Amino acid sequence: MKYILQIHTGSWKDQPDEPERIVRKIEEVSSRIPVGKVIIGWSTDPLVYRKVGEYLHGSGTEMILWLPVFSETNKILETDEALDVFGKRIATPVEQVGESFTFGCFSSRHNTRKAEEIYEQYFRECGFDGVFLDRIRSQSFVAGVSGVLSCGCERCRKAFLQKGVDIDEVGKLYETKGDAFFDMASYPTNGRFRLKDEEAQRFFEAKEEIIADAVTELCLHFREKGLTVGLDLFAPAVSRFVGQNYAAITKQADFIKPMLYRRTDAPAGIGYEYELFGKAAPHALGYRRPAMDRAFLETQLDAVGQISCEKYPGIEINYDRELVRTDVDYITESLSAIHARGFEGAALCWNLMQAPDAHIDAVAGLERNPD
Ligand SMILES: [Zn+2]
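If you use the numbering used here, the sequence shown corresponds to residues 11 to 381, in order.
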């Protein structure tokens, strides 16, 4: 099994760690486990990537740029903001882990072009072998019902209408039905839920199609430049709410990193997102929060296994008392379940620089003795 290491160098204008410190960390980990790719970003300081890239290329490891697409970009340039289906701005959620999680419109060609321009302007000369597209989704229940019932801007209204969905009607439907809008006819663990209301269901399907189209175009753009393209995806169980359909969105991707985060109390954490759904629509029928145990992880791996591109399920390697309560047992349990699948590998997320030594020891131990 090959590993992907993920390293956060801070947001665009943040000062990253010393390049030497990053190289030392990668070197230390690579001497113990086989590393195939390093996902690193998204500070725009070029020096860190040149130095890290020099080391990685000398050891035959790919350096992949961590590039957010529909959020964060608004911090360095003008983007088209997302609205909810009621035509209102989506309340900005509390900043978490130093990131704003404010989302732009996902049907906006202007927005995807900006992501392409950011690569050209800041990263093209840095020696990257690929890009890892993050935030390729709508807002989640982090911003309440408005978050998932987006985007309702003029551009999206047209895009949805082409797919037979009238955004005004979707807004009215929610206002009439309230929580019952989200009543489930079925909610399988692979996340391909069916809402009882056909119109509400169709909204989520159309959102997936619009986002998949935008992501496919981006993948093609970067692949034409000879870059490897990876995608950061919500866990299957919660992916449909944010408009990610694994089969549709991965058509032109080289690899995916499903965020199988069972211990994260922040956006994309599976239990966290489930909890927010429960809070946003407490009376919706057919909702139940599964235990975040190994059996649940297996259901997510089953769903991921249906996809044909390379699969590197992501688990949290860093620790934080408030946000990421990981431990050695959790890491061992998660990686041994992934190991048993025979996928290409696993991704150690989302910031190797904050991984306790004991966690790295656990990964190395499992690598020596996978059974
Ligand atoms: Zn829009």
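Yeah, the Cβ is synthetic: ideal placement off N, Cα and C, and Gly gets one too. Small disclaimer: the values here were computed from a predicted structure and weren't measured.
Asked: Hey, out of Met11, Gly51, Arg31, whose CA is closest to His18's CA?; Found: Gly51
Asked: Return the CA-CA distance between Leu358 and Ile325, expressed in angstroms with no decimal places.; Found: 6 Å
Asked: Please confirm whether Phe138 and Tyr59 have their CB atoms less than 9 Å apart.; Found: yes
Asked: Which residues does DSSP list as the beta-bridge partners of Ile14?; Found: Lys47, Ala357
Asked: What I want to know is whether the C-beta of Gly162 ends up closer than 8 Å to one or more non-hydrogen atoms of ligand 1.; Found: yes
Asked: Here's the rule: buried if 16 or more other CB atoms are within 10 angstroms of the residue's CB, otherwise exposed. What is His369?; Found: buried
Asked: Measuring alpha carbon to alpha carbon, tell me which of Ile86, Pro44, Gly162 ends up nearest Ile128.; Found: Ile86
Asked: Can you check the segment 63-140 for any beta strand (DSSP E) of at least 3 residues that lies completely inside it and give the ranges in chain order?; Found: 72-78
Asked: Going by the C-beta, is Phe116 closer than 8 Å to any heavy atom of ligand 1?; Found: yes
Asked: With respect to the beta strand (DSSP E) encompassing Ala195, which residues constitute its N-terminal and C-terminal limits?; Found: 194-196
Asked: Measuring alpha carbon to alpha carbon, tell me which residue in Thr199, Tyr284, Thr71, Pro26 is nearest Ser53.; Found: Pro26
Asked: Please find out if some non-hydrogen atom of ligand 1 comes closer than 8 Å to the beta-carbon of Arg60.; Found: no
Asked: Which whole runs of the alpha helix (DSSP H) in the segment 177-227 are 4 residues long or more, in chain order?; Found: 177-187
Asked: I need the DSSP call for Ile259, collapsed to helix, strand or coil.; Found: helix
Asked: Which of the three DSSP states is assigned to Pro292 in this structure?; Found: coil
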